[in-house]
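In what follows, a single structure is set out as structure tokens and then discussed.
Chains as they are written, first to last, in the numbering used here: chain A, 1 to 194; chain B, 195 to 575; chain C, 576 to 745; chain D, 746 to 1074.
Set out below in structure tokens:
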């Protein structure tokens, strides 16, 4: 039996019907093609080894044991029994920055803390990634005001951030979703070289 | 070999009174500094000569914000001061403002507040047990405690919509009513928790290594506690039955039958015992509150819209999970507080550390700091 | 109601502090209604008598609950004042909270009570950090919360005015 | 009794044999470590009511492989202030004795790379060598945490080596040989395991072995909550992996020694020798994991006094009684 033709809004499992205001956005989204343009397609592909390494990296993201405030508790909750980050290979919290792969900014970054964070980031070996967890690390969150004197408004002012997870604090599920997003990003071959 | 000399003589930070000591910076990023505490330790070998806590790495300007926003707008901040017992802080701030404005709170809301606060206190103590045992090297109890804590978070999540940083209180009541599912869930949890406590007893309290690591470690006697203003379980472990819920009952705490557990030793083991018994007492309070919960509204019939207290100063204290939390609130008659001083318990508790830590070993330092149950954003505010 | 097993180690006086000891030291002492304000007594003191007041409280078995400051310079621009605020309370028996306030001229140095009440150490550092009030005799008066190289005192009313709680926010 | 023909003897060229043998041992150790780390994560997850790795391969079996590949491709940071020769050499000094020691074990009758009469001595000697590496790492890192960890490690390992060896000597007194294969064969011949006659020595050995391998509750040299990561705080990437490798291999080796000394090595009914051997070893490794995920950590002085006040006198007493009884029988 042939399925009736569906409206464009319903194509794909996650797409939902949106109001008329979303139409221009959807149009733009449809215009982006999956195909790689000829001029940027690589001539020689070292795909296999690269893919393998990226897959290994994506599945072995060891976070730094590093909590700043409220979000750290949810980060620990994500590592605890119910949510268990270890399922995705990310449960090995390393206390030493030298052995960590991903820095999860979990909490408000104060100006007093900022130089320390920068130093920790520099201590981590490449390739390394950063996850900004919670409103404070995105833009200052609830502590953002005119003339705020104490905090750094966003982790991206200190280090390049790969994934932003909104929430105050984000639930552990959100952290896991962010981690999976980072895994996707790593597997896609993009990574921060530095 | 490099020519660079190591050890004490090369240390620019070395303490002049102990030239042979070297300086070890513990934190702000260290697995057992509970966030961003920094301990500057002057040590000889493994022994600590001078310990100096350096704080401020989580300073978030709560007090400045309070002076620049109206009373209601500061409400979400309150649970972020101490996010482990955020409910108590949130409700406490509401109660302080209610006192200032003389707002009556309906009965049902009072009981719901007690249930929520005591559940939060249990969650906070559970987390402490986990982190304390983790600090002295045992990993598994940590996860067991978190498992039980998740049950509480589920309950609170159901009525507040948040797992950690609640904004449940309103001036005059609470935001959402509890339903039968919540009450049934709470009763189930009470039963579960009662059966879990013996398990902690076998897994943690009867363990020889645990006892060896905790008994006689980090003794804070009554005099030390009084000199530094130490409150909460740390004070009760030193034999002082001081609990704000008893000494100046707020809300409806005078209606419940509960004891203030004390121990006499004042060491880490006593602090553990006190907290375990406080969990039992909180379970008792919740049982009574659930039993006596009256029907009725959860907010006043005509809630106030403008909050403009009269000029003057007031102080309001509640018993948070870590000790006495006080709010010194000064109003200049406008909609914005003139001054809000947050007297947070861990600030005073931690300030006793230079005295307590001197002469201990590194491993004990970790255990003692862990046994205080500090939350850094609460100290730094 | 079940009574807790109280095993107090020192024989601390359960009696409240003798007001007769305090009144000579304070410029004025009033009794307030704790149901409304949260304090039982309010003492207005002059700066030089602060250590002596602290000594009376500590020897009566009280502890320093809190120490802070208020920037009242803009309230009375003609007579600008900083106000030091202390609260003292006791462990035993029902609460008996004494509020001690002390008006300081801007720039005036207050005597430190750290020697009498060690709890004041960090509180005085915080007041210095946030308000710039200096304490004579403090063993180690440095900033405590803000970085050492900060060039401002954050809780002064003329520093960093934020939006005054406008409904729109920022 | 003539020694059974060893693997090396079967090959024509002894050098080729050695190379092949070392490669085989290295391969076995690598697979073992990968498996052990996975097992540890699964066992800890099981104890803690979690799931452990599930996503990479069936049951997450390839999780550690991914970890290793990642560590291989990580940047190797050499901090500016380290003592370069010591810093670079330390991982190797820790790693090589492990491989050397592993090549001495009889996995089954005849399945042994080097069948030496001083096998037991060599195993302990190689084990002792590793601490030189650990101290080099701690000293060379020029990091206070690392130095503290290294000092603790050396003090602890030198102390616990004494009860460890004394406990083993009790078995040597009974069997009259230090040849690992012969000790196994003897138990097989007599029909009982030495743990039956030497239960005290077995317990002392197990406790001391936990300390020797820096496993909880004796993991104070790398006590995470105290010393960040202990002696390997400053090591990244593959250098860190070598320490990790050595640590897990050490657990494996002390379990092999215990299997040979107390549990009759490869001997057992029905199943072939290597299967029995590995079954016993893994049972012991599982026991160390169980201990690790149950107990908190001892304090440094408690650890030392436990060794000198309890374990060592007990081991000496046990040895004296063994010698006395052996003389009588």
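Positions of the beta carbon are idealized from the N, C-alpha and C atoms, including for glycine. Predicted model only: the values in this text are computed from it and were never measured.
Checklist entry - Would the region 512–525 of chain B and the region 533–544 of chain B be scored as touching if the rule is three or more Cβ pairs under 8 Å? => result yes
Checklist entry - What first and last residue would you give for the beta strand (DSSP E) that runs through residue 658 of chain C? => result 657–665
Checklist entry - Along the chain, where does the beta strand (DSSP E) that runs through residue 232 of chain B open and close? => result 232–238
Checklist entry - From residue 579 of chain C to residue 692 of chain C, what does the alpha carbon distance come to, in whole angstroms? => result In this prediction, residue 579 of chain C has a pLDDT of 38, which is less than 50 and means its spatial position is unreliable; what the coordinates show is noted afterwards. Answer to the nearest angstrom: the Cα atoms are 29 Å apart.
Next on the checklist: Please give me, in chain order, every unbroken run of the alpha helix (DSSP H) with length at least 4 that falls completely inside the region 644–726 of chain C.
Outcome noted: 695–706
Next on the checklist: By the 8 Å beta-carbon criterion, what residues does the region 1041–1052 of chain D contribute toward chain B?
Outcome noted: 1041, 1042, 1043, 1044, 1045, 1046, 1047
Checklist entry - Would the beta-carbon of residue 894 of chain D fall within 7 Å of that of residue 975 of chain D? => result Yes.
Checklist entry - Using the C-alpha atoms, what's the distance from residue 888 of chain D back to residue 1027 of chain D? => result 36 Å
Item to check | Same chain only: Cβ atoms within 6 Å of residue 85 of chain A, ignoring 5 sequence neighbours per side | outcome: Counting only Cβ-Cβ distances below 6 Å, and skipping sequence neighbours, we find 78, 79, 91.
Checklist entry - Straight-line CA distance for residue 63 of chain A to residue 122 of chain A? => result Roughly 15 Å between the two C-alpha positions.
Item to check | Under 7 Å by beta carbon: chain C residues contacting residue 537 of chain B | outcome: Within chain C, the residues near residue 537 of chain B are 640, 641.
Checklist entry - What is the DSSP secondary structure of residue 1011 of chain D, counted as helix, strand or coil? => result coil
Item to check | Reduced DSSP secondary structure (H/G/I, E/B, other) of residue 833 of chain D | outcome: Three-state DSSP puts residue 833 of chain D in a helix.
Checklist entry - Taking 7 Å as the CB-CB cut-off, is residue 175 of chain A touching chain B? => result no
Item to check | Limits of the beta strand (DSSP E) - the one that residue 133 of chain A falls within | outcome: 129–133
Checklist entry - To the nearest whole angstrom, what separates the beta carbons of residue 535 of chain B and residue 641 of chain C, a pair I think is in contact under 8 Å? => result 7 Å
Next on the checklist: Under 7 Å, Cβ to Cβ, is there at least one residue of chain A near residue 695 of chain C?
Outcome noted: Chain A, which has no Cβ nearer than 7 Å to the Cβ of residue 695 of chain C, makes this no.
Item to check | Sequence-distant residues of the same chain with beta carbon closer than 6 Å to residue 30 of chain A, five excluded per side | outcome: Because the pLDDT at residue 30 of chain A is just 46, under 50, the model does not fix this residue reliably, and the point stays unresolved.
Checklist entry - Taking the DSSP output, what are the residues bridged to residue 363 of chain B? => result B:368
Next on the checklist: With a threshold of 8 Å on Cβ separation, who are the neighbours of residue 779 of chain D within its own chain once the five nearest residues in sequence on each side are excluded?
Outcome noted: 809, 810, 813
Next on the checklist: Rounded to the nearest angstrom, what separates residue 245 of chain B and residue 51 of chain A at their Cα positions?
Outcome noted: Note on geometry: alpha-carbon atoms of residue 245 of chain B and residue 51 of chain A lie some 50 Å from one another.
Item to check | Top-ranked residue by Cα proximity to residue 414 of chain B, from B:221, B:406, B:261, B:426 | outcome: B:426
Next on the checklist: According to DSSP, is residue 520 of chain B part of a helix, a strand, or is it coil?
Outcome noted: strand
Item to check | Whole runs of the alpha helix (DSSP H) within the region 239–318 of chain B, excluding any shorter than 4 residues | outcome: 256–262, 269–275, 280–295
Item to check | Identified DSSP bridge partners for residue 94 of chain A | outcome: A:64
Checklist entry - Where residue 714 of chain C and residue 702 of chain C are concerned, what is the direct C-alpha to C-alpha distance, given to the nearest angstrom? => result 15 Å
Next on the checklist: Is there a C-beta anywhere in chain G that falls below 7 Å from the one on residue 112 of chain A?
Outcome noted: Checking the listed chains, one finds no chain G in this structure; the protein chains it contains are A, B, C and D.
Checklist entry - residue 939 of chain D and residue 1007 of chain D: beta carbons closer than 7 Å? => result yes
Checklist entry - Expressed to the nearest angstrom, what Euclidean distance is found between the alpha-carbon atoms of residue 223 of chain B and residue 410 of chain B? => result 28 Å
Next on the checklist: Below 7 Å on C-beta distance, what does residue 1039 of chain D contact in chain B?
Outcome noted: 334
Item to check | Of the listed residues B:266, B:232, B:257, B:236, nearest to residue 501 of chain B (C-alpha basis) | outcome: B:266
Checklist entry - With distances taken between CB atoms, is the gap from residue 688 of chain C to residue 629 of chain C smaller than 7 Å? => result yes
Item to check | C-alpha gap between residue 402 of chain B and residue 458 of chain B, whole angstroms | outcome: Near 21 Å, if we compare the C-alpha coordinates of residue 458 of chain B and residue 402 of chain B.
Checklist entry - So does the region 338–358 of chain B actually touch the region 974–994 of chain D, counting three or more Cβ pairs closer than 8 Å? => result no
Next on the checklist: Counting only Cβ pairs nearer than 7 Å, list the residues of chain A close to residue 230 of chain B.
Outcome noted: 68, 113
Next on the checklist: So, at 8 Å on beta carbons, what are the nonlocal neighbours of residue 1034 of chain D in its own chain, with the 5 sequence-adjacent residues on each side left out?
Outcome noted: 784, 785, 788, 789
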